[in-house]
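Colleague: Below you'll find the structure I mean.
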Amino acid sequence: MIPPFETFYETHRDEVFRFLGRRLGRERAEDAFQETFLRALRAYPRLEHGEHLRAWVFTIASRIVVDEARRRRPQVELPELAAEDGLPAFEDLAPLTGDLPPKERAAVVLRYGYDLGYDGIGAALGSTEEAARQAASAGVRRLRKERQ
Amino acid sequence: MTISPSLDERFRAAAATADLLDVAFDVLPDTPIGPLLVGVSDRGVCRISFDAEPEHHLELLARQFGPRVLRSSKPVDRVRRELDEYFAGRRQHFEVEPDIRFVPEYHRVVLGELARVEYGTTTTYGALAELTGNPRAARAVGTVMHRNPIPIVLPCHRVIGASGNLTGYAGGLHLKEQLLRLEGAIL
Numbered sequence: 288m289i290p291p292f293e294t295f296y297e298t299h300r301d302e303v304f305r306f307l308g309r310r311l312g313r314e315r316a317e318d319a320f321q322e323t324f325l326r327a328l329r330a331y332p333r334l335e336h337g338e339h340l341r342a343w344v345f346t347i348a349s350r351i352v353v354d355e356a357r358r359r360r361p362q363v364e365l366p367e368l369a370a371e372d373g374l375p376a377f378e379d380l381a382p383l384t385g386d387l388p389p390k391e392r393a394a395v396v397l398r399y400g401y402d403l404g405y406d407g408i409g410a411a412l413g414s415t416e417e418a419a420r421q422a423a424s425a426g427v428r429r430l431r432k433e434r435q
Numbered sequence: 101m102t103i104s105p106s107l108d109e110r111f112r113a114a115a116a117t118a119d120l121l122d123v124a125f126d127v128l129p130d131t132p133i134g135p136l137l138v139g140v141s142d143r144g145v146c147r148i149s150f151d152a153e154p155e156h157h158l159e160l161l162a163r164q165f166g167p168r169v170l171r172s173s174k175p176v177d178r179v180r181r182e183l184d185e186y187f188a189g190r191r192q193h194f195e196v197e198p199d200i201r202f203v204p205e206y207h208r209v210v211l212g213e214l215a216r217v218e219y220g221t222t223t224t225y226g227a228l229a230e231l232t233g234n235p236r237a238a239r240a241v242g243t244v245m246h247r248n249p250i251p252i253v254l255p256c257h258r259v260i261g262a263s264g265n266l267t268g269y270a271g272g273l274h275l276k277e278q279l280l281r282l283e284g285a286i287l
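Those protein sequences? They're chains A and B, same order as listed.
Per the working numbering, numbering through the first sequence is continuous, rising by one, with the last residue being 435.
Per the working numbering, numbering through the second sequence is continuous, rising by one, with the last residue being 287.
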């Protein structure tokens, strides 16, 4: 059972905003905050269960921080994706996905950590269903290769 | 660091503008009959309650209409305006559509007949039962009235006992009396 969005939003909004504020500064955090919860709202009806919602919304927020950093300073190396926040799903999947590029990592975590469908992942990452599918399968291929 | 009220409002407005909500609701804190909770869907008004505590409604709204239930003021503006006009005595018919797609079939039939009971008049549970083809179903009609998801707009306050008793009302009998007085149905 997925909680009503109002409940989800009220539970996580301050914490997500603090996270974005630390990463982006208060001013840019405001736009990123709105974008985070709009993406969450788009993907919300396709969630298959209401577990790990905190980690899920932080995955979306992290992705937006990455996009923002890339947009601002395309030459600079991308920040590590939410690693220091110690999120449950990342903890579970970290040993496995830690070395993946951010986008593949987010797609793999959302697909296999949260059972989110590719259309939902696409919505959450602000890209398309097809791009989400490709990112997840590229991530899995890379993981297989690394294990060999 | 918590989010500012203006950022909060901005997100809630953007969610509605982007057409991403299954139900937008708001609380009207001070109508003449006290606080009301109003919910709207893409089809019209889907909830009015005298219990204005959102916590008491979120789960059911989410189960019926979908999980994207969010407080957002703008989508409720039209109902808010029509209610204001009604309470000021300037409106006798609501133009906003009632969304009763999730009430059981029989309830929908009864509420359909209820919607035709005119402003300033009253009818009885028995008469309404008769209109739905089952004159002995007065008690069942009473149940439908009690569970009416959109009181005021669907005017269950206009349905009274055959003896002239006001009988019952979800918001309390004093509110039923107040609404009938406002409409001039009783003195």
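Glycine included, every Cβ here is placed at the ideal spot set by N, Cα and C.
Everything numeric in this text was worked out from a predicted model, so none of it was measured.
Within the continuous beta strand (DSSP E) that includes B:I148, where are the two ends?
Modeller: In the second sequence, the residue the question calls residue 148 of chain B occupies position 48. Segment G144 to S149, the beta strand (DSSP E) holding B:I148.
Colleague: According to DSSP, is B:P198 helix, strand or coil?
Modeller: Taking the first residue of the second sequence as position 1, residue 198 of chain B is located at position 98. Note: B:P198 maps to strand in three-state DSSP.
Colleague: Take every Cβ of the region 172–179 of chain B, pair it with every Cβ of the region 296–310 of chain A, and state whether three or more of those distances are shorter than 8 angstroms.
Modeller: Verdict: no, contact absent.
Colleague: My understanding is that B:P167 touches A:F292, with C-beta atoms under 8 angstroms, so please give their C-beta distance in whole angstroms.
Modeller: Position 67 of the second sequence, counted from the first residue, corresponds to residue 167 of chain B. Position 5 of the first sequence, counted from the first residue, corresponds to residue 292 of chain A. Confirmed, about 6 angstroms.
Colleague: Which residues, in order along the region 315–345 of chain A, keep a beta-carbon less than 7 angstroms from a beta-carbon of chain B?
Modeller: Of all residues in the region 315–345 of chain A, E317, F320, Q321, F324, L325, L328, R329, Y331 and P332 have a Cβ within less than 7 angstroms of some Cβ in chain B.
Colleague: From A:E355 to A:E338, what does the alpha carbon distance come to, in whole angstroms?
Modeller: On the first sequence, residue 355 of chain A is found 68 positions in, with the first residue counted as 1. On the first sequence, residue 338 of chain A is found 51 positions in, with the first residue counted as 1. The straight-line gap from Cα to Cα measures roughly 27 angstroms.
Colleague: Compare the beta carbon distance of B:A116 and B:S172 with 8 angstroms and say whether it is the shorter of the two.
Modeller: Position 16 of the second sequence holds residue 116 of chain B. Position 72 of the second sequence holds residue 172 of chain B. In contact: B:A116 and B:S172 (Cβ atoms closer than 8 angstroms).
Colleague: Does the Cβ of B:T222 have 16 or more other Cβ atoms within 10 Å, making it buried, or fewer, making it exposed?
Modeller: As a working mapping, residue 222 of chain B is identified with position 122 in the second sequence. Buried.
Colleague: What separation, rounded to the nearest whole angstrom, lies between the Cα atoms of A:F345 and B:G139?
Modeller: The count along the first sequence starts at 1 and reaches residue 345 of chain A at position 58. The count along the second sequence starts at 1 and reaches residue 139 of chain B at position 39. Computed Cα separation, rounded: 29 angstroms.
Colleague: Name the DSSP beta bridge partners of B:G139, please?
Modeller: As a position in the second sequence, residue 139 of chain B is number 39, starting the count at 1. Paired residues: B:F125 and B:R147.
Colleague: Suppose the cutoff is 8 angstroms on Cβ atoms and the five residues either side in sequence are ignored; what does the same chain contact list for B:A215 look like?
Modeller: Stepping through the second sequence from its first residue, residue 215 of chain B is reached at position 115. For B:A215, where only same-chain residues beyond five positions count, the Cβ hits under 8 angstroms are P198, L254 and P255.
Colleague: Strictly under 8 angstroms for the Cβ-Cβ distance: is A:T294 near chain B by that measure?
Modeller: Along the first sequence, read from residue 1 onward, the residue named residue 294 of chain A stands at position 7. A:T294 counts as touching chain B.
Colleague: Can you pull the chain B residues whose beta carbon is under 7 angstroms from the beta carbon of A:R305, in chain order?
Modeller: What you label residue 305 of chain A is simply residue 18 of the first sequence in a count that begins at 1. Simply M101.
Colleague: For B:D151, count the other beta carbons within 10 Å of its own beta carbon; 16 or more makes it buried, fewer makes it exposed. Which is it?
Modeller: As a working note, residue 151 of chain B is residue 51 in the second sequence. Classification of B:D151: exposed, given that the 10 Å Cβ count is below 16.
Colleague: Taking the beta carbon of B:G220 as the centre, do at least 16 other beta carbons fall within 10 Å, making it buried, or is it exposed?
Modeller: In the second sequence, the residue the question calls residue 220 of chain B occupies position 120. Exposed, since its Cβ has fewer than 16 Cβ neighbours within 10 Å.
Colleague: Which one or two residues does DSSP pair with B:I260 in a beta bridge?
Modeller: Stepping through the second sequence from its first residue, residue 260 of chain B is reached at position 160. Its beta-bridge partners are B:T224.
Colleague: In chain D, what lies closer than 7 angstroms to B:E159 by C-beta?
Modeller: This model lacks chain D altogether; the protein chains it does include are A and B.
Colleague: Please compile the residues from chain B whose C-beta is within a distance smaller than 8 angstroms of the C-beta of A:R350.
Modeller: Locating residue 350 of chain A in the first sequence gives position 63, counting from the first residue. Chain B residues near A:R350: none, gap ~18 angstroms exceeds 8 angstroms.
Colleague: Where does A:E364 fall in DSSP's three states?
Modeller: Working through the first sequence from its first residue, we reach residue 364 of chain A at position 77. Bear in mind that the predicted position of A:E364 carries a pLDDT of just 49, short of 50, making it unreliable; the figure below should be weighed with that in mind. Correct three-state label for A:E364: coil.
Colleague: Please return the same chain residues whose Cβ sits closer than 8 angstroms to the Cβ of B:L266, not counting the five positions on each side in sequence.
Modeller: Taking the first residue of the second sequence as 1, we reach residue 266 of chain B at position 166. So the list reads I260, L273, K276, E277 and L280, once near-sequence residues are dropped.
Colleague: Say whether chain B places a C-beta atom closer than 8 angstroms to the C-beta of A:D386.
Modeller: Residue 386 of chain A sits at position 99 when you count from the first residue of the first sequence. Output row for A:D386: interface = no.
Colleague: Any idea what DSSP makes of A:G308, helix, strand or coil?
Modeller: If you number the first sequence from 1, residue 308 of chain A lands on position 21. Helix at A:G308.
Colleague: Please name the residue or residues paired with A:R359 in a DSSP beta bridge.
Modeller: One-based indexing of the first sequence puts residue 359 of chain A at position 72. For A:R359, which the question treats as bridged, DSSP gives no partner whatsoever.
Colleague: Identify the contact partners of A:G308 in chain B, using a Cβ-Cβ distance below 7 angstroms as the criterion.
Modeller: Residue mapping note: residue 308 of chain A aligns to position 21 of the first sequence, counting from 1. Simply M101.
Colleague: DSSP on B:V209, reduced to helix/strand/coil?
Modeller: In the second sequence, residue 209 of chain B corresponds to position 109, counting from 1. Three-state result, B:V209: helix.
Colleague: Note down the Cα distance separating B:I200 from B:I148, rounded to an integer number of angstroms.
Modeller: Taking the first residue of the second sequence as 1, we reach residue 200 of chain B at position 100. Taking the first residue of the second sequence as 1, we reach residue 148 of chain B at position 48. In a straight line, the C-alpha of B:I200 is about 12 angstroms away from that of B:I148.
Colleague: Taking a cut of 9 angstroms between CB atoms, which residues from the region 116–137 of chain B lie near chain A?
Modeller: Listed in sequence order: A118, L120, L121, D122, V123 and F125.
Colleague: Taking B:G166 as the query, report the chain A residues whose CB atoms sit under 8 angstroms from its CB, ordered along the chain.
Modeller: Here residue 166 of chain B corresponds to residue number 66 of the second sequence, with the count starting at 1. Those are P332, listed as they occur along chain A.
Colleague: Identify the contact partners of B:P154 in chain A, using a Cβ-Cβ distance below 8 angstroms as the criterion.
Modeller: Residue 154 of chain B sits at position 54 when you count from the first residue of the second sequence. Simply E293.
Colleague: Checking 8 angstroms against the spacing of the C-beta atoms, do B:A124 and A:L325 come in under that value?
Modeller: Reading the second sequence from its first residue, position 24 is the one you call residue 124 of chain B. Reading the first sequence from its first residue, position 38 is the one you call residue 325 of chain A. Contact flag unset, no.
Colleague: With 8 angstroms set as the bound, which would you pick, yes or no: does the beta-carbon of B:V196 sit closer than that to a beta-carbon of chain A?
Modeller: As a working mapping, residue 196 of chain B is identified with position 96 in the second sequence. It does not: the Cβ of B:V196 has no partner Cβ on chain A nearer than 8 angstroms.
Colleague: Within 8 angstroms of any Cβ in chain B, is that where the Cβ of A:R300 sits?
Modeller: Stepping through the first sequence from its first residue, residue 300 of chain A is reached at position 13. For A:R300, the answer is yes, since a Cβ of chain B falls inside 8 angstroms of its Cβ.
Colleague: Cutting at 7 angstroms between CB atoms, please list the residues of its own chain near B:G189, excluding the five before and the five after it.
Modeller: Taking the second sequence and counting its residues from 1, the one referred to as residue 189 of chain B is at position 89. So the list reads L282, once near-sequence residues are dropped.
Colleague: Excluding five sequence neighbours on each side, which residues of the same chain lie with their C-beta closer than 8 angstroms to the C-beta of A:Y331?
Modeller: Position 44 of the first sequence, counted from the first residue, corresponds to residue 331 of chain A. Hits under 8 angstroms: I289, F292 and F295.
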